[in-house]
Every structure is written in structure tokens, then in C-alpha cells.
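The next block holds one structure in the form of C-alpha cells; read it before the comments.
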Amino acid sequence: MTSNIAILDPRSKKYHDILKLLADENCLAYNYALSETIRLMEDLVRPNERIEERHVIDFALKAAKSLSDYKWTHYNDSTIVQLELFLNAMSSVLCILSQSVDMIHSDTRVSLYKSVSKSWKVYRKSNYINANIMFRLREIRTCLRIIEDDQSNLENFVSTGSKVIETIYNVVNSEYLSALSSVTHVLN
1 MTSNIAILDP
11 RSKKYHDILK
21 LLADENCLAY
31 NYALSETIRL
41 MEDLVRPNER
51 IEERHVIDFA
61 LKAAKSLSDY
71 KWTHYNDSTI
81 VQLELFLNAM
91 SSVLCILSQS
101 VDMIHSDTRV
111 SLYKSVSKSW
121 KVYRKSNYIN
131 ANIMFRLREI
141 RTCLRIIEDD
151 QSNLENFVST
161 GSKVIETIYN
171 VVNSEYLSAL
181 SSVTHVLN
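Numbering (my numbering), first residue to last: 1 to 188.
Right, dumping it as C-alpha cells:
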């Protein structure tokens, strides 16, 4: 029993150290944290096996939140490489989350989707074509679709119902442009 505790402590310390580095503004430390996150997550991936270790799930949730909060402050020749590393880390973390949890907070999920959107904008601003980035963006989207948010079905129904009523109202008032935008919101 004590041997398991001794094995878990260094791993937990490693997770904690990486989370601190993910919050660091230093580019080199951040890149190191990204590569270590990728390495740790890839060591955990097993096909068709659910991950039950609580400290791993906590690390993945905190890493996902940290990655979703990243602000792109510089655009230069290394941006595309940084983006590829960043998306690889996010993809690895979300892969672990999709294997270990069924649901995350809706705020975290929205933040992750916004981060993917920002990453797409950064990629579009670059003058490079990188298939790895496109693949990672799709993989992240797939993982996010697997993981549901914590909104209840009633909240979703009320939200969708109000948008449907708004659409009908706009059509009746001949506000076709507003109705079209309402329909697109309902479909999303």
C-alpha cells in the first residue's frame, strides 16, 4: 500500500509542476510545459480503456482550462510551430478527458471552443499550410463533441424554445433577416 503512495506522489508533483509552468509567461517554460503535458497524456492513452485515476482527471481538467485561457500575444515566424505544439497538447488533454469524463462545466467547454476558434484565426493569419494543425483542430472538435457540458436538458429546451418563438415572431412581423439569424441560432 505504501509503495502505491510513493509512486503517486512523484507523479502528482510532476502534474503540479507542469500546471505551474502552463501559467508561466516565459515562452521557453511554456513550451516545455506543453511538451511535458503531451508526453504525460500520451503515456496514459490506452485504447478502449476508461481512465479512473482522480489526480489524472484533475490534472487534465486544470490543463484544459489553462490551455483554453492562453492568450496569443505575438505573431512571428515561430507562431505556427508554437500553435502546432499548443494544439497537440490540447488534443492530448482532451483525448484523456473524453476517455475519463462524460461531462464538464459548460463554461469550460465554451472556453475550449473559443480557444479553438482563436487558434483557427491565428492559423489563418499565418502564411503557412500545416496539415498537422488542421488534423489537431478536427481532433479537438471531435473530443469536445464527445464530452457533454453540464447544462440540463430543461435548460437546453428552454433556450431552444425561446429561440423558436423569437423566429416565429420575426417571421410574422416580416423581419426576414432577423428571422434568418434566429433560425441559424436555433440550428446551432
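All C-beta atoms in this analysis are idealised placements derived from N, C-alpha and C, irrespective of residue type, glycine included.
query: Counted within 10 angstroms of its Cβ, other Cβ atoms place Arg109 as buried (16 or more) or exposed; result: buried
query: Own chain residues within Cβ distance below 8 angstroms of Asn4, not counting five before or after; result: Low local confidence applies: a pLDDT of 45 at Asn4 is under 50, so the model's placement there is unreliable, with the coordinate-based value given in what follows. For Asn4, where only same-chain residues beyond five positions count, there are no Cβ hits under 8 angstroms.
query: N- and C-terminal bounds of the alpha helix (DSSP H) containing Thr142; result: 131-146
query: Three-state secondary structure (DSSP) of Ile96; result: helix
query: Where Asp119 falls, given that 16 or more other Cβ within 10 Å makes a residue buried; result: Per the sequence presented here, residue 119 reads as Ser, with Asp not at that position. Per the 10 Å Cβ criterion, buried.
query: Length of the line joining the Cα atoms of Leu44 and Thr142; result: 19 angstroms
query: Continuous alpha helix (DSSP H) assignments of at least 4 residues falling wholly in the segment 10-79; result: 27-44, 54-68
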